[in-house]
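Quick notes on the structure that follows.
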Amino acid sequence: MTTTPLQPRLTDVGPPRYDKYLPPIVLKNYGTWKYHETLAPGVLCHVAESGDRLYTVRGGTPRLLSIQTLRKYADLADKYCGGYLRFTSRNNVEFLLTDPAQIEPLKQELALLGIPVGGTNNAISNIVHTQGWVHCHAAATDASGLVKSMMDALIDHFTHEDLPAKLRIAVACCLNMCGAVHCSDIAILGVHRRPPKVQNDLLTKACEVPTLVASCPTGAIRPVPGVGGKQSVEVLEEDCMYCGNCFSVCPAMRMADAENDGLSIWVGGKVSNARSAPRFSRLSIPFLPNNPPRWPEVIEAVTKIVDVYRGEARKYERVGEWIDRIGWPRFFELTGFEFTRYHIDDFKNAGMTFARSTHIRY
Amino acid sequence: MADADEGVKPANGKPETKLLDELEKGPWPSFVTEIKSAQGVTGGAEDLLGQLELSYEDKVSHWKHGGLVGVLGYGGGVIGRYSDVGEQFPKVAHFHTLRVNQPAGWFYTSEALRTISDIWERHGSGLTNMHGSTGDMILLGTTTDHLEATFQELTHAGFDLGGSGSAVRTPSCCVGMARCEWACFDAMKLCYDLTMAYQDELHRPALPYKFKIKCSACPNDCVAAIARADLSVIGTWKDDIRIDQAEVANYATAGVDIQKDICANCPTRCMDWNGKELNIKNRDCVRCMHCINAMPKALRPGVEKGAVILIGAKAPILQGALLSSVLIPFVAADELLDTLKELIQRIWDFWDEYGTNRERIGELIQRVGLAAFLDGIGLDPAPEMVSAPRDNPYIYYQPAKEDEA
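Going down the list, the protein sequences come from chains Y and V. Using the numbering used here, the letters of the first sequence correspond one by one to residues 1 to 362. Using the numbering used here, the letters of the second sequence correspond one by one to residues 363 to 767.
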């Protein structure tokens, strides 16, 4: 794989201009769309003031895509869409058609390729997620395997719009949360549960002690004399809440622990302003074991939440809005999840979540 | 814990992947199948599969902490990645990632996808993420000696690297006016213009920490700007919701319970349905989008469009997660670019002056107080910025300023 350097050397060219890859129908009707209809789960029709109609067929992807699959998408775009396609903020692929007669043949071809069509409106859309063991050093779990296992279990809610409202699920492999998991209807978050193991030899070579001390949100790391007159650190273990930020700034603070790393489940967050304001997800299950390749405990818990929500929530209620109505005690009762001391906030501003009224449902 | 040497990689053969093979079963498209299909490209995918199988066996990551790698003249855009089992899996011993700035709204032509694929076949593992969490196209896995060549081929094809480290991160936006009737400003153009305006700050980290910008063209916020961007631009409108009463009636005929499904779900109860007409008290409307989402053929945002500017969202690390909060309640669509550039400069000046290392702007505002931040960037306080005024009497009156006045 040798190469000849290209000339001239270009830098700071920026991304392609925003309108470079837009199909002609979009360029023509840019900013003048009037309304849209859903023709079937995963199939949208946008109608412009001009009367033009743009059809979108949305397919689920594993996000991690080989160039072979990208070329397949390109072939489909050439065959059905004049060569145009896009991806969504939740890692779906969207084929953009102008001829409605091509929708069914495209869907059939997608089915043959194993690409499910759906993810619109009151369905589960694709799960946004992080790199996990595929490519990240800090991951407490693997995201891709969790997502694959969950979507295998939940796929009928992707291909059918059969939920009270849209349901957004996200996975993050550690508290850095390279995904919007903290505002998802259901969030799966990888957690550590043991303090970092300080590797002194590496620490003196690779880390700045002041930066490391400052990285701890609870002040649990303090400098101590190390070997050979160099500074090292010690961890006040009772003050550590295992966030892993020290590991982010210093590789000598190893967090990974095969037996004690695992998953926590959070519910009720949202990003959209529709009806109620955007909000964070709240702790539902503090810990489930890391159990690859299929994580059955996680799948069971998530499926339980989806089933109970589907059965109990009113039309248009997001998970958090449904819990607002029924109350958290009823949520724990309906799901059978145990309420523990871990559910009670004890970080900053924790008192904001204490119940300071007699509004109790019996 | 299994013995890796026995279990995962027989000599000179494809890795045995009993655990990962389980993830090729089932109806959802499989990432394992994707990795396997790239095995012929450089061998990187093959060793990735082997290393990942090992992680599935012993339940820890086998990637080491990142390293400093990149392309000449840039301080970011490449994530250094090294294996801690490189002897066993030499083709992923060095397996660096390039973040490539996505086209606005993630639109591509088949030709563009093939161009990227061909470059990545010549220079990398053949594996990608479409897309990463911040929005970039992710080219997953190559060696240091290929970084510059990949970069040059990308720039000659009209692509560039995205942000990493303490820099402006790749801005992202929703589909906006390209395919959405609810777009209240041109999110794709604004995102592109901002990205071009900050190429230097994006490629050469010079800020206290990361700075993310996201543009959602309506309050549905399809790119999660309010949850994930230090600077969130979220479309809204000032005038009345546009109503087509005949279409409202059609929805009613088609089975929508207008009173229960629409009016009763309005957060400010600003609308009534008398069986024939939907009446909206727009003065009370908070532009939440529920009624418009539910009846897109009948209701539309008004015509006096623009955006709310919010600041400070972040994930938990370090001082806890934050949602963005209102900084400017309304900026007209055609004034957004100039206003944002001016505002961003003032924010960065303040952040440069007072922010500590790795302190996000939202955390700095928490630390010094929103009022002090407003003083610092020269914005007047407005009631839209708070959910309610303070409920404690611990007010820092400013004797010097009061006396001056």
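Note that beta-carbon positions come from the ideal geometry of N, C-alpha and C, so glycine has one too.
What does a CB cutoff of less than 8 Å around residue i pick up in its chain, not counting 5 residues either side in sequence?
i, result
"V/E396", "L489"
"Y/M1", "For Y/M1, the pLDDT reaches just 46, beneath the cut-off of 50, and the residue's location in the model is therefore unreliable, although a value from the coordinates is still provided. No residues qualify anywhere along the chain."
"Y/K230", "T204"
As a quick exercise: from the options, pick the residue whose alpha carbon is nearest that of residue i.
i, options, result
"Y/G226", "Y/T159, Y/D201, Y/D261 and Y/S215", "Y/D201"
"V/C580", "V/S487, V/E666, V/D562 and V/L509", "V/E666"
"Y/N376", "Y/E237, Y/G228, Y/L212 and Y/R222", "Nothing can be reported for residue 376 of chain Y: it is not among the residues displayed for chain Y, which extend from 1 to 362."
"Y/G228", "Y/A258, Y/K205 and Y/T11", "Y/K205"
"V/Q450", "V/C628, V/I706 and V/L414", "V/L414"
"V/L434", "V/M499, V/Q401 and V/T506", "V/T506"
"Y/N121", "Y/V198, Y/G51, Y/V43 and Y/A138", "Y/V43"
"Y/D346", "Y/L283, Y/I360, Y/S184 and Y/N126", "Y/L283"
"Y/L113", "Y/G60, Y/A140 and Y/L39", "Y/G60"
"V/E704", "V/L556, V/I727 and V/I624", "V/L556"
"V/R541", "V/L523, V/I478 and V/A466", "V/A466"
"V/E419", "Y/Y342, Y/W295, Y/D307 and Y/I323", "Y/W295"
"Y/T38", "Y/H160, Y/E321, Y/G179 and Y/R310", "Y/H160"
"Y/P289", "Y/E300, Y/L76, Y/F280 and Y/S281", "Y/E300"
"Y/D185", "Y/N176, Y/K28 and Y/V171", "Y/V171"
"V/L672", "V/I588, V/Y470 and V/G406", "V/I588"
"Y/P15", "V/P751, V/K763, V/V537 and V/P533", "V/P533"
"V/V447", "Y/H137, Y/G83 and Y/C250", "Y/H137"
"Y/A313", "Y/A74, Y/N126, Y/D12 and Y/L167", "Y/L167"
"Y/R90", "Y/R194, Y/E49 and Y/I169", "Y/I169"
Throw me the rounded Cβ distance for the residue i and residue j pair, which I believe falls under 8 Å.
i, j, result
"V/L411", "V/P389", "22 Å between Cβ atoms; not a contact."
"Y/D99", "V/S472", "Going by Cβ atoms, the distance from Y/D99 to V/S472 rounds to 17 Å, so no, they are not a contact pair."
"Y/P286", "Y/S264", "6 Å"
"V/M539", "Y/G31", "4 Å"
"V/H427", "V/L509", "About 19 Å; that fails the 8 Å criterion."
"V/V431", "V/F521", "The pair is not a contact, with the Cβ atoms about 19 Å apart (cut-off 8 Å)."
"V/N644", "V/I603", "6 Å"
"V/P567", "V/G437", "5 Å"
"V/M633", "V/I642", "5 Å"
"V/L502", "V/G439", "So it is not a contact: roughly 14 Å between Cβ atoms."
With 16 as the cutoff for other CB atoms within 10 Å, does residue i come out buried or exposed?
i, result
"V/M492", "buried"
"V/V648", "exposed"
"V/D583", "buried"
"Y/F356", "Phe is not the amino acid found at residue 356 of chain Y; the sequence shown has Arg there. Y/R356 should be labelled exposed."
"Y/F354", "exposed"
"Y/H359", "exposed"
"V/T598", "buried"
"Y/K348", "exposed"
"V/D696", "exposed"
"V/P663", "buried"
"Y/V117", "buried"
"Y/T340", "exposed"
"Y/N29", "buried"
"V/I727", "buried"
"V/G740", "exposed"
Which same chain residues, not among the five before or five after residue i, have their C-beta less than 7 Å away from its C-beta?
i, result
"Y/A220", "V235, L236, D239 and C240"
"V/P761", "none"
"V/D623", "A656"
"V/H456", "Y444, T505 and T506"
Considering only residues of the same chain and omitting the five flanking positions on each side of residue i, which have a CB-CB separation below 6 Å?
i, result
"V/M499", "V462, Q464 and H493"
"Y/G268", "S281, R282, V319, G320 and I323"
"Y/S149", "R294, W295 and I299"
Relative to the ligand GDP, is the shortest distance from any of its heavy atoms to the C-beta of residue i smaller than 8 Å?
i, result
"V/Y571", "As for the ligand GDP, it is missing from this structure, which has no ligand bound."
Short-range partners of chain V found in the region 19-31 of chain Y, where Cβ spacing is below 7 Å: Flagged, chain order: K20, Y21, L22, V26, Y30 and G31.
Residues, ordered as in the chain, of the region 277-296 of chain Y that lie near chain V by beta-carbon distance below 7 Å: Of all residues in the region 277-296 of chain Y, those with a C-beta nearer than 7 Å to a C-beta of chain V are P278, F280, N290, P292, P293 and R294, reading in chain order.
Residues of the region 552-581 of chain V with Cβ closer than 8 Å to any Cβ of chain Y, in chain order: Closer than 8 Å at the C-beta level to chain Y, one finds these residues of the region 552-581 of chain V: C553, Y554, T557, M558, Q561, D562, H565 and P581.
The region 178-204 of chain Y: positions lying closer than 7 Å to chain V by Cβ: Among the residues of the region 178-204 of chain Y, those with a Cβ less than 7 Å away from any Cβ of chain V are C178, G179, A180, H182 and C183, in the order of the chain.
Interface positions of the region 446-474 of chain V facing chain Y (Cβ-Cβ less than 8 Å), listed along the chain: Correct list: F457, T459, N463, Q464, P465, A466, G467, W468, F469, Y470, T471, S472, E473 and A474.
Near-chain V residues of the region 33-46 of chain Y - C-beta to any C-beta below 8 Å: The residues in question are W33, K34, Y35, H36, E37 and H46.
Against chain Y: residues of the region 400-418 of chain V by CB proximity under 8 Å: Residues of the region 400-418 of chain V whose Cβ lies closer than 8 Å to any Cβ of chain Y, in chain order: A400, V403, T404, A407, L410, L414, S417 and Y418.
Where the region 344-362 of chain Y meets chain V: residues whose CB sits under 7 Å from a CB there: Answer set for the region 344-362 of chain Y: F347 and K348.
Selection of the region 60-87 of chain Y by Cβ proximity to chain V, strictly under 8 Å: Listed by position along the chain: G60, T61, P62, R63, L64, L65, S66, I67, Q68, T69, L70, R71, Y73, A74, D75, A77, D78, G83, Y84, L85, R86 and F87.
Under 8 Å (Cβ pairs) to chain Y, residues found in the region 507-518 of chain V: Listed by position, the residues of the region 507-518 of chain V near chain Y (Cβ gap below 8 Å) are H508, E510, A511, Q514, E515, T517 and H518.
Selection of the region 153-164 of chain Y by Cβ proximity to chain V, strictly under 7 Å: Those residues of the region 153-164 of chain Y that come within reach of chain V (Cβ to Cβ, closer than 7 Å) are I155.
Members of the region 300-321 of chain Y that neighbour chain V once the beta carbon cut-off is set at 8 Å: Under the 8 Å Cβ criterion, the region 300-321 of chain Y contributes K315 and Y316.
Interface residues of the region 708-727 of chain V facing chain Y [CB-CB below 9 Å]: Cβ contacts with chain Y: T718, N719 and R720.
The region 484-496 of chain V: positions lying closer than 7 Å to chain Y by Cβ: Under the 7 Å Cβ criterion, the region 484-496 of chain V contributes R484, H485, G488, L489, T490, N491, M492, H493 and S495.
Positions along the region 214-247 of chain Y whose CB lies within less than 9 Å of some CB in chain V: Taking 9 Å as the Cβ-Cβ cut-off against chain V, the residues of the region 214-247 of chain Y that qualify are A214, S215, C216, P217, C243, G244, N245 and F247.
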